[in-house]
Every structure is written in C-alpha cells, then in structure tokens.
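This report refers to the structure that appears directly beneath it.
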Amino acid sequence: MSTPAPSAASLYADHLATLQARTATALERAGLDHLVIPSGTLHYQVFDDRDYPYAVNPQFKAWLPLTRNPGSWLIVTPGARPKLVYLQPRDYWHVVPQAPSGDWVEHFDIVVIRKPEEAQQHLPKNAARCAILGEPQSALGQYGAYKPNNPQAVVDHLEFHRAYKTPYELAMLREATRRAVRAHAAAERAFRAGASEFGIHLAYCQAAGQDANELPYGNIVALNEHAAVLHYTELGRLAPDPVRSFLIDAGASHAGYAADITRTYAADTASEFQSMIDAVDAAQRAMCDQVRDGVDYVRIHLDAHLALAGVLRDFGVLRVSPEQAVETGVSAAFFPHGIGHGIGLQVHDVAGFTASETGGRIATPAGHPFLRLTRPLAPGMVVTIEPGVYFIDMLLEDLRDAGKGDAVNWDRVEAFRPCGGIRIEDNVVCTDGAPENLTRDAWPVDDAA
Ligand code: GLY
Ligand code: MN
Ligand code: MN
Numbered sequence: 125m126s127t128p129a130p131s132a133a134s135l136y137a138d139h140l141a142t143l144q145a146r147t148a149t150a151l152e153r154a155g156l157d158h159l160v161i162p163s164g165t166l167h168y169q170v171f172d173d174r175d176y177p178y179a180v181n182p183q184f185k186a187w188l189p190l191t192r193n194p195g196s197w198l199i200v201t202p203g204a205r206p207k208l209v210y211l212q213p214r215d216y217w218h219v220v221p222q223a224p225s226g227d228w229v230e231h232f233d234i235v236v237i238r239k240p241e242e243a244q245q246h247l248p249k250n251a252a253r254c255a256i257l258g259e260p261q262s263a264l265g266q267y268g269a270y271k272p273n274n275p276q277a278v279v280d281h282l283e284f285h286r287a288y289k290t291p292y293e294l295a296m297l298r299e300a301t302r303r304a305v306r307a308h309a310a311a312e313r314a315f316r317a318g319a320s321e322f323g324i325h326l327a328y329c330q331a332a333g334q335d336a337n338e339l340p341y342g343n344i345v346a347l348n349e350h351a352a353v354l355h356y357t358e359l360g361r362l363a364p365d366p367v368r369s370f371l372i373d374a375g376a377s378h379a380g381y382a383a384d385i386t387r388t389y390a391a392d393t394a395s396e397f398q399s400m401i402d403a404v405d406a407a408q409r410a411m412c413d414q415v416r417d418g419v420d421y422v423r424i425h426l427d428a429h430l431a432l433a434g435v436l437r438d439f440g441v442l443r444v445s446p447e448q449a450v451e452t453g454v455s456a457a458f459f460p461h462g463i464g465h466g467i468g469l470q471v472h473d474v475a476g477f478t479a480s481e482t483g484g485r486i487a488t489p490a491g492h493p494f495l496r497l498t499r500p501l502a503p504g505m506v507v508t509i510e511p512g513v514y515f516i517d518m519l520l521e522d523l524r525d526a527g528k529g530d531a532v533n534w535d536r537v538e539a540f541r542p543c544g545g546i547r548i549e550d551n552v553v554c555t556d557g558a559p560e561n562l563t564r565d566a567w568p569v570d571d572a573a
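Quick note: the sequence shown uses the numbering used here, first residue 125, plus one each step.
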C-alpha cells in the first residue's frame, strides 16, 4: 500500500519548523533574541500621491503566503509561537486585507492593528535585542528605534539556507509553474493567430489570471529582431509583417513563489530557424540533466558555451571549432548571459554566490561576469537552465572590432539575424537522484484545467 502524500497543511507546518530552526541558529550567531520582519511599506512617486506597486519584503513572505499586506510585522522568538501583527486599516478608499484566514493562521499568535504605528506596542520591548530585517522605510518608534538593522550574520544564514527549498516550497513552485505553462500555451496561440507583442502579453495575463504587477517580473515578449534584446519589454502595439519568430520569457506567481520560463517559436515550422530552435532545445535538455547533487553550476555554464558554439558551428554560423570559439571569447558574443540562477521567493533568488552559511563569496569565472550562481548544486536547490543564442548587432560589431571576425560566417549571421535569437528556459529541482524539471513536467497543457 502506498503512503498518502502529505497534505499542504502538514507541508506548511514542516516548512515553519525548518524556518524556526534556521532562525534559532542565525540569532545565536548574532547574539540576538528575536527576529523581527516588517512586511514593508507603500512607496510614493516623487511630488505625487500615487504609490508604486507594493512589493512585499521577501523575508516576510518566506514565512507567510501574504503578498499584499503592507504595514504588518512578524516576530519570531526561538521557543515561542511566532507572532503576526496584522495591519487591517480602517480605510474606505481602498480594499483592505481580509481578516487573516487560511491554513497558516493556526501557527501564529495574531494581533490585528488598524494603524501602522500601532505595531510598535506589539514588538519586543528591547529593540537592541532584535534582528530587524527589512527596508529603512519600515522604521517605527521614536528616533526610528525599530529601524531595520539587517545583521549580516542573520541575513547570511537565512539567505544561504533559502537556496534549499522545503517540500512546501517545491509544492508552491510547482503551482506557479502550472500557471505559467498554461499562460505560455495561450501566448503561443496568440502568436500563431497573428497578435502583436502587446496582444500576446494580454493573452498571457488573461490565461495566467495575473496582471503585470502580480507576475514575478515584466513579461518579455519579442517578435522577430526584438528577440535579440535580452530583456525586451517594450510590447509593440502592431504585429510586424512578416512575423518570423517569437521569444517569450514570462513567469507566474503562487503564494509568493515565482516561475521563470522562456520559449522560442518559429512562424514557419519547416524553417531553418525552427531547426536551430530544436538544436538549442536538445542541448538545453541535456543541460537540465546536469542539475544533480554535487555538480558545480559553473561547470554547467561553461559546458553550455561549448554546446551552443557546437550548434552555431553545425548551422554554419561559426567557422571555428566550439573549443576555439570558447577560448577566444567568440561564443560569448552569441551567448552573452549566464546559464541561469536560483529561483524561489525571488525570480533571481538570493545568495547565488554565498560560500557558506557564515558568508563568503564564490567568484564567477574570469570572462563570465553575468553568471548569477556559483554554488555547487545540492538537493532542494531550484535553478533555471536558460541557454540562448542571439544575433546582437552591438556584440557582433565588437567581435569584428576585436579582429575576431574571421571566426564567423557573416552571410549565415545575416540569414538568422531577422529572427533575433533563441532562449529556452526551464526551472529544475536538484534532488538526490534524477532532476525534477518543473517546467517540462507541467507541459503539455491540459486546457480543460
Ligand atoms: N526572466 C529573467 C531571467 O530569465 O532571468
Ligand atoms: Mn531566468
Ligand atoms: Mn526568464
């Protein structure tokens, strides 16, 4: 008989127990008694009364599936139940947060306040004994007594361990991925139906059920040459004529966790560009398979350079061997970003370079400044694998200027340039065995869902 899967409620309870244990160690290291985390505040535009979209303090949402509650505070004291000071303002101008509800409620002592400054009376009496993690604007009390101090020892410990996701966090990431995958399918349909970048973006948001402020980052929706801009977020209102290619890098959020997915499509599925997409896709799958316990993520990045240079060589874009292309820096003109990053509460998760729970830094290899993760992989880590090849005028000019133009067949560059580039990005969990590819597992889409 198989054991039933643990319920969401029990996964969450275990998640909190893990955070409690991490917090106890972090506070001990810093010689402090309490962890205090403000959810953050609204920020206003200069000389205006319009607020920017609220972004919750990630340290806060690590504990609670609350992403729309500015002015609340969490207090964690080892050995005690965590306390939540929950701001539910009296305000008839805006929709205010609902009374606390959900599986999480039973784990906290909750105090509801009506004004932000009322939080202070519920914080530990001695601010000097608190690690307060947050932004300066959250400060409370006379002379900012409860001002975030972000003790390095506490931040280092918590952020280092946040790379290792709890089973609860993996469940949240699977849910975010399902949402994003559904929206990616809608985006492809809109592309095939001739929509503009803006139209595709709207179709994406509609299918995700999230608007731009809820998504974990701004949608990158690029037709034709626009795919050569790594973070193209202009969203053209008219579809180009002809439409040749489509790159979409777009995610979704669930309970504060992010998905980050990229796909590239050719309008003509019998085209050479489609064949190049297929070649990058095959290489990307092999890279995903490298996400295993003990593997150095830097190794995956360096291997990706060779693999992508191999694709460019096979398609006649490079005249030199993959090894030569990598050694001479030519591959970096076509693959000018890192192979990926950690992902979780933040789309570019924290502590990508942190050497240990007490800090330190693992440097990026020379010539690869854009890699965002240099830590060895271990079970529970979730990373993106996002190789790309692009035809970027500026970088190609630099190659020529550096006297490396002979390595390239410029006629072949001209053939692919109108399609911009290719990126394929999955979110992959390192386990103690074969990797779990969150993205591919959520594809194909069940439209009825
Ligand atoms: N969407 C940004 C990135 O892929 O890192
Ligand atoms: Mn990414
Ligand atoms: Mn992305």
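C-beta atoms are modelled at their ideal positions from N, C-alpha and C, and glycine is treated no differently.
Not one heavy atom of ligand 2 is found less than 7 Å from the C-beta of G342. Spanning the alpha carbons of W567 and V305 requires a straight line of approximately 7 Å. Residue selection by CB proximity (closer than 6 Å to any heavy atom of ligand 2) returns D384, G464, H465, T508, E510, E549 in chain order. D384 counts as buried, since at least 16 other C-beta atoms from the protein chains shown sit within 10 angstroms of its C-beta. V474 is not a Cβ neighbour of V506, given a cutoff of 8 Å.
Put simply, the backbone Cα of R387 is about 11 Å away from that of R564. For D373, the closest of V367, A382, G226 by C-alpha to C-alpha distance is A382. Note on geometry: alpha-carbon atoms of H492 and V450 lie some 11 Å from one another. Closest by C-alpha distance to T142, out of L257, P128, Y292, is Y292.
A residue is called buried when at least 16 other Cβ atoms come within 10 angstroms of its Cβ; K289 meets this threshold and is buried.
According to the DSSP assignment, I199 belongs to the beta strand (DSSP E) that extends over 197-200.
Here the distance from the Cβ of V537 to the nearest heavy atom of ligand 1 is not below 7 Å. When the alpha-carbon of E560 is set against those of R416, G466, T201, H429, the nearest one is in R416. The C-beta distance from V441 to A407 rounds to 14 Å, too long to fall under 8 Å, and the pair is not in contact.
T149 is the residue among D233, L198, T149, L359 whose C-alpha sits nearest the C-alpha of A277. With a threshold of 7 Å, the Cβ atom of D473 does not count as near ligand 1, since no heavy atom of the ligand is closer than that. Inclusion of T386 in the 7 Å shell around ligand 3 follows from its C-beta lying nearer than that to a non-hydrogen atom of the ligand. From the listed residues A132, A154, R547, Y136, the smallest Cα separation to H355 is found for R547. For E549, the CB contacts under 6 Å within the same chain, skipping 5 residues up- and downstream, are I385, T386, T508, E510 in chain order. Counting the other Cβ atoms within 10 Å of the Cβ of W534 gives fewer than 16, which makes it exposed. Contact between V532 and R443 is confirmed by a C-beta separation of about 7 Å, below the 8 Å threshold. Here DSSP, grouped into helix, strand and coil, assigns L430 to helix. Per the Cβ contact rule, the stretch 457-472 is in contact with the stretch 512-521 (3 or more Cβ pairs under 8 Å). A distance criterion of 7 Å places the beta-carbon of D417 beyond contact range of ligand 3, judged by its closest non-hydrogen atom.
Using a Cβ-Cβ distance cut-off of 8 Å, the stretch 364-373 and the stretch 309-324 are in contact, since at least three pairs of beta carbons, one from each stretch, lie closer than that value.
For R387, the uninterrupted beta strand (DSSP E) run begins and ends at 381-390, by DSSP. Shortest gap from the CB of D373 to any heavy atom of ligand 3: under 7 Å. In the three-state reduction of the DSSP assignment, L257 falls in the coil class. Residue pairing by DSSP places N551 opposite T508 in a beta bridge.
Within the stretch 464-530, complete alpha helix (DSSP H) segments of at least 4 residues are found at 517-525, given in chain order. Assignment of F184 by DSSP, reduced to helix, strand and coil, places it in the helix class.
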